[in-house]
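**Student:** First the structure, which I've put down as structure tokens, then a few questions once you've had a look.
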Amino acid sequence: MPKFASPAVSPAMTTAPSMIPMPNMKAGIMSNMMTTPVTYIPPLCDGACGTTPRSQMPMWSMMRMEMMQMMRMIPSMCWTMLTHRQHMTWADMGDMMMRTVLACMEMGMMVMVIPLWLMMPGAMFAMWMATCAMVVMGMCWMLNGKEQTHMCNMESEGWMMGPEMENEKWMFMGGMGMSNRHCHMQTLPAMSRMFNRPMMCVCMPTWGLPFDMMCMMMQRCMMMPSQVRRNLYDQMRSALLDDSMHRCVVMAHNDAAVIVSQAVSQLCCDLPTEKLRKLEIYTFGAAASEFLMPVGESMMDSEPSLHSTPDMMTERKGVHVEHFAMATDPFAQMGVLQSVRQNMNGRFCGGVVIMNNNMPMKSNMNMMEMCCGMMMEDYLMALFPAQMSTGAGATYRSVLDSPMMIDRDCAEKREIAAMGNCHASSALMKKRGGKRLSWTGLAATAGQKNGINAGMVGLERARKGCKGCDGHMGREVSWLVRYVNMGHAMHMDKNMTNGTHTP
Numbered sequence: 001m002p003k004f005a006s007p008a009v010s011p012a013m014t015t016a017p018s019m020i021p022m023p024n025m026k027a028g029i030m031s032n033m034m035t036t037p038v039t040y041i042p043p044l045c046d047g048a049c050g051t052t053p054r055s056q057m058p059m060w061s062m063m064r065m066e067m068m069q070m071m072r073m074i075p076s077m078c079w080t081m082l083t084h085r086q087h088m089t090w091a092d093m094g095d096m097m098m099r100t101v102l103a104c105m106e107m108g109m110m111v112m113v114i115p116l117w118l119m120m121p122g123a124m125f126a127m128w129m130a131t132c133a134m135v136v137m138g139m140c141w142m143l144n145g146k147e148q149t150h151m152c153n154m155e156s157e158g159w160m161m162g163p164e165m166e167n168e169k170w171m172f173m174g175g176m177g178m179s180n181r182h183c184h185m186q187t188l189p190a191m192s193r194m195f196n197r198p199m200m201c202v203c204m205p206t207w208g209l210p211f212d213m214m215c216m217m218m219q220r221c222m223m224m225p226s227q228v229r230r231n232l233y234d235q236m237r238s239a240l241l242d243d244s245m246h247r248c249v250v251m252a253h254n255d256a257a258v259i260v261s262q263a264v265s266q267l268c269c270d271l272p273t274e275k276l277r278k279l280e281i282y283t284f285g286a287a288a289s290e291f292l293m294p295v296g297e298s299m300m301d302s303e304p305s306l307h308s309t310p311d312m313m314t315e316r317k318g319v320h321v322e323h324f325a326m327a328t329d330p331f332a333q334m335g336v337l338q339s340v341r342q343n344m345n346g347r348f349c350g351g352v353v354i355m356n357n358n359m360p361m362k363s364n365m366n367m368m369e370m371c372c373g374m375m376m377e378d379y380l381m382a383l384f385p386a387q388m389s390t391g392a393g394a395t396y397r398s399v400l401d402s403p404m405m406i407d408r409d410c411a412e413k414r415e416i417a418a419m420g421n422c423h424a425s426s427a428l429m430k431k432r433g434g435k436r437l438s439w440t441g442l443a444a445t446a447g448q449k450n451g452i453n454a455g456m457v458g459l460e461r462a463r464k465g466c467k468g469c470d471g472h473m474g475r476e477v478s479w480l481v482r483y484v485n486m487g488h489a490m491h492m493d494k495n496m497t498n499g500t501h502t503p
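The sequence shown begins at 1 in full-length UniProt numbering and counts up by one.
Below is the structure:
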């Protein structure tokens, strides 16, 4: 397999934070990723349609893998949640304390339930269980609030530009660790101002960290009934079927990407492809184990291109999906990074932008030295620091302003694995054995009239996509940048160029 070279990028820092290496990853690739601010993995083509959805995998093996991943990520996640903020407001500190007390209480209940059931009389045990349940429900009600859906209109500021987009539907799904109050009072207004559009937010309800982790594990393995998913599906379906709506944008953070992935899979089954062209999905630290969409030669674009034109809806044939992941985010490690780098047989559609967390942030304010990705603000600060910051006289540089390193090795392995699965399944159906072909064998079957031919076309598309994006900056590839109000940043750059500064 041909090796790829990293574009010439000067590292922004002499040292890089610790990054969990993936199995079967070459040492040279890992070294380049550690010194490159941004790594990009092109979208999966899968012309042979050889990827396997998780619904077709054995349930018990998936549960065992989920348990192992969960046990590995819980220590780092808890440590990150306690130390990721150097300065917190009193309200955020109160939410953090309540979440900590709730998690400790639930852990104590799960540890003590069996011994107390064996030792206590039935009536006393029932009273103890009822008391604990009432306390837990009360604390969860305080964290979740009365309403899970909020609407925020943009707040006009002097540096903002662009009219209000009434023919667009924008939604944000808050993830685990984000309280209802924090999402409604801080995150949602900041995102509405940044994108200069009215935005609706759907907060994921919390039932304590232990129960939230178990629910996420179950949702990753199977499609469980969820009121949040039904509400999201109804909102997305109504927007896509409305002819007056030109665009439907959904953004999701960590475990909310699991709900979005399931809703998108259901929409792909219920709506025609022409309606799905209006849908755009952006995830941040996605904990989803798969992102299903129609694949195959018929869904491939004619030519890979950089997304820099104002409207490229007519140039794509399906849903546009982008995933942003920080290398130190525990949810991204078990979700999107695990799916695209290790689970080669799975179907995780969409381009992946990996931020290696080695970009400096120069500021006169007291702020954290490094973003960890546990909060949505961490991703917004890394992607759009000039729009997120209110400090004057400070220079900010987005990770999207650096040339990207294209992970061509990973992109080709995903396409080859899909071709191998396609051949194995077809051979099994013909009772010729289930052995997978080698790479040479796959190339030898390129001229045959079977799925491998389409798979070779998909592999060539992936290689062209890697070549087309090589050497470009992240903002030249990502569609999300074109929605951000760049007036403030361009005004600062112009003043710097002229040698002046406007406070």
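We put the CB at the ideal spot given by N, CA and C, even for glycine. Owing to the predicted nature of the structure, the values given are computational and were not obtained by experimental measurement.
Between which two residues does the alpha helix (DSSP H) containing G285 stretch?
**Tutor:** Per DSSP, G285 belongs to no alpha helix (DSSP H) and is neither H nor E.
**Student:** Quick check: the Cα distance between A288 and E66, rounded to an integer number of angstroms?
**Tutor:** 12 angstroms
**Student:** Which ranges does the alpha helix (DSSP H) cover as unbroken runs of at least 4 residues, wholly within the stretch 96-165, from first to last along the chain?
**Tutor:** Counting only runs of 4 or more, we get 122-144.
**Student:** Spatial neighbours of V484 within its chain, please: CB distance less than 7 angstroms, with the 5 preceding and 5 following residues excluded, ordered by chain position.
**Tutor:** M194, F195, F384, Q387
**Student:** Please identify the residue among S398, S265, E460, G108 whose C-alpha is closest to the C-alpha of E476.
**Tutor:** S398
**Student:** Taking its Cβ as the centre, do 16 or more other Cβ atoms sit within 10 Å of D234, making it buried, or is it exposed?
**Tutor:** exposed
**Student:** Less than 7 angstroms between C-beta atoms, sequence neighbours within five positions excluded: which residues of the same chain meet that for A256?
**Tutor:** M173, G174, G175, M204
**Student:** Out of M191, G94, M109, E147, which one is the CA nearest neighbour of A133?
**Tutor:** Restricting attention to M191, G94, M109, E147, the CA atom closest to the CA of A133 is found in M109.
**Student:** Just to confirm my understanding: we take L292, look at its own chain, exclude 5 residues before and 5 after, and list those with CB closer than 8 angstroms. What are they?
**Tutor:** P53, S261, V264, S265, C268, R347, C349.
**Student:** Who does residue 505 pair with in a DSSP beta bridge?
**Tutor:** Any question about residue 505 goes unanswered here, given that the chain covers just 1 to 503.
**Student:** Considering only the alpha carbon of each residue, which of P198, F125, K146 lies closest to T206?
**Tutor:** K146
**Student:** Helix, strand or coil for H184 per DSSP?
**Tutor:** helix
**Student:** Could you check whether V319 and L279 sit closer than 8 angstroms to each other, using their CB atoms as the reference points?
**Tutor:** yes
**Student:** Per DSSP, L279 forms a beta bridge with which residues?
**Tutor:** C248
**Student:** Start and end of the alpha helix (DSSP H) containing M217?
**Tutor:** Run containing M217: 209-221, per the alpha helix (DSSP H) assignment.
**Student:** In or out: T131 buried (at least 16 other Cβ within 10 Å) or exposed?
**Tutor:** exposed
**Student:** By the DSSP assignment, the beta strand (DSSP E) with C201 in it spans what residues?
**Tutor:** 199-203
**Student:** Output the boundary residues of the alpha helix (DSSP H) element that contains A382.
**Tutor:** 376-383
**Student:** Would you say M473 and D401 are within 8 angstroms of each other, going by their C-beta atoms?
**Tutor:** Cβ distance < 8 angstroms, so M473 and D401 count as in contact.
**Student:** Per DSSP, what kind of secondary structure is E415 in: helix, strand or coil?
**Tutor:** helix
**Student:** Can you check DSSP and say which residues form a bridge with E322?
**Tutor:** Y282, G351
**Student:** List the endpoints of the continuous beta strand (DSSP E) containing F172.
**Tutor:** 168-174
**Student:** Could you tell me the boundaries of the alpha helix (DSSP H) in which S55 lies?
**Tutor:** That residue, S55, is in no alpha helix (DSSP H); it is neither H nor E in DSSP.
**Student:** Looking only at DSSP bridge pairs, what is F291 linked to?
**Tutor:** F348
**Student:** Can the beta-carbon of E128 be found closer than 8 angstroms to that of M137?
**Tutor:** Contrary to the premise, residue 128 reads as Trp rather than Glu in this sequence. Against a cut-off of 8 angstroms, the Cβ pair of M137 and W128 comes out as no contact.
**Student:** Applying the criterion that 16 or more other CB atoms from any shown protein chain within 10 Å of the CB defines a buried residue, is C104 buried or exposed?
**Tutor:** exposed
**Student:** Taking Cβ to Cβ, would you say S76 is nearer than 8 angstroms to P272?
**Tutor:** For S76 and P272, no; Cβs fall outside 8 angstroms.
**Student:** Can you tell me whether M224 is helix, strand or coil according to DSSP?
**Tutor:** Residue state, collapsed to three classes: coil.
**Student:** Locate the alpha helix (DSSP H) running through D270, then write down its first and last residues.
**Tutor:** 256-270
**Student:** Excluding the 5 residues preceding and the 5 following V101 in the sequence, name in chain order all residues of the same chain whose CB lies nearer than 8 angstroms to its CB.
**Tutor:** Excluding its 5 nearest sequence neighbours in each direction, V101 has C-beta neighbours in its own chain below 8 angstroms: M139, listed in chain order.
**Student:** Answer with buried or exposed for A123, where buried requires no fewer than 16 other C-beta atoms within 10 angstroms of its C-beta.
**Tutor:** exposed
**Student:** Are the CB atoms of A325 and I354 nearer to each other than 8 angstroms?
**Tutor:** Yes; because the gap between Cβ atoms is below 8 angstroms, this pair is in contact.
**Student:** The alpha helix (DSSP H) spanning A332 covers which residue range?
**Tutor:** 330-334
**Student:** From C152, L209, P210, pick the residue whose C-alpha is nearest to that of M185; which is it?
**Tutor:** C152
**Student:** Could you check if A126 is buried or exposed, using at least 16 other CB atoms within 10 Å of its CB as the buried criterion?
**Tutor:** exposed
**Student:** Helix or strand or just coil, what does DSSP make of M194?
**Tutor:** helix
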